[in-house]
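Here is the structure we will look at.
Numbering (my numbering), first residue to last: 101 to 465.
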């Protein structure tokens, strides 16, 4: 089939269908902007006239992407009408068409994008991480400790370290006094060799952040992620000058334009790429390229996603030497969802990607 395509036959999209899924978390996951009790996603399947198909996922966030499950479903119905008859390998063209049809809606676009890369990998008979660059096939992920009572957070951190995790990402941003106490206890429980970062999810102002950084300097915290409001690039630049801790931007950077703005403002030591913010792998690659050109490393994070989007995110990390960190742990928060198989295996804190073509994901839909 691949030979036929190379000789001039054109593959076309013949169908797009999707299903909503809802998986209860083991316990509510709390950050400064609220609590999450379920993984709510939409799984997409795009089919072609050549028999190839690909899976994608949309995991919207009201506070980050401005989308809901219902809004994604509505947009995907429109996308279906637009995509029928398009060449699934013409990924740049398809993004142009989708962006022309509707602004934003990046989780819905990510679902389409991920499915297209799944198809591309199957056509090329290569896993997605190889078609994106192929630097390696495995990814070390951190594990996130949600906000709770300080001792509970410390106990959870100790359990995570005992399970083989070497990097902890600690959510903060509701109560600075409790944040400091939690981090003190976590460092005590986890030991000196565990890497620790904090993530305030826009929960602090400049004064709070500087106070926190000064207070936490004895606990070997290597970075603080998105302490300020997403629009405050100048504030982040000021923090970088005043604080002896790396500043990671997350909600501030959705696309390549935001990445360029952050670099011009000197606002970031690192950029957290999320496929749901960027609209998928196509724009995520651009963000990384811009950051790499400026000498800035990236990480890839996630919403509360299933293995579909997590495999796509891990594939990007594995593919690119400049993406040095990963926060792809949401599969740890809920029981294995039986409807989605493959993608990757986990050993301790290491995600080992499948070498099957595309994402290597199997779903009965």
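In this text, a Cβ means the ideal position worked out from N, Cα and C, and glycines have one as well.
Checklist entry - residue 410 by DSSP, collapsed to three states: which one? => result helix
Next on the checklist: Just to confirm before moving on: does the CB-CB distance between residue 362 and residue 375 stay below 7 Å?
Outcome noted: no
Checklist entry - Are the region 344 to 359 and the region 320 to 332 touching, with three or more C-beta to C-beta distances below 8 Å? => result yes
Checklist entry - Is it buried or exposed for residue 253, if we count other Cβ within 10 angstroms and need 16 for buried? => result buried
Next on the checklist: What does the Cβ neighbour count give for residue 170, buried or exposed, with the cut at 16 atoms within 10 Å?
Outcome noted: exposed
Next on the checklist: Please classify residue 217 as buried or exposed, where buried requires at least 16 neighbouring CB atoms within 10 angstroms.
Outcome noted: buried
Item to check | 8 Å Cβ shell around residue 132 - same chain, five flanking residues per side excluded | outcome: 247, 271, 272, 273, 274, 300, 301, 302, 303
Next on the checklist: Alpha carbons only, please: which of 456, 334, 110 is nearest the one belonging to residue 185?
Outcome noted: 110
Checklist entry - How many Å lie between residue 285 and residue 226 at the Cα? => result 45 Å
Next on the checklist: Check for me: the beta strand (DSSP E) holding residue 295 runs from which residue to which?
Outcome noted: 295 to 299
Checklist entry - Taking the alpha-carbon positions, what's the residue 409 to residue 156 distance? => result 7 Å
Checklist entry - In three-state terms, what does DSSP make of residue 352? => result coil
Next on the checklist: Taking the alpha-carbon of residue 339 as reference, which of 313, 356, 322 has the nearest alpha-carbon?
Outcome noted: 313
Checklist entry - Does the distance from the CB of residue 148 to the CB of residue 197 come in under 7 Å? => result no
Checklist entry - Going by DSSP, which residues form a beta bridge with residue 450? => result 240, 447
Item to check | Residue nearest to residue 283 in terms of C-alpha spacing, selected from 324, 263, 307 | outcome: 324
Item to check | Helix, strand or coil at residue 141 [DSSP, three-state] | outcome: strand
Item to check | Same chain, Cβ closer than 8 Å to residue 427, neighbours up to 5 away in sequence not counted | outcome: 241, 242, 244, 269, 372, 399, 400, 401, 402
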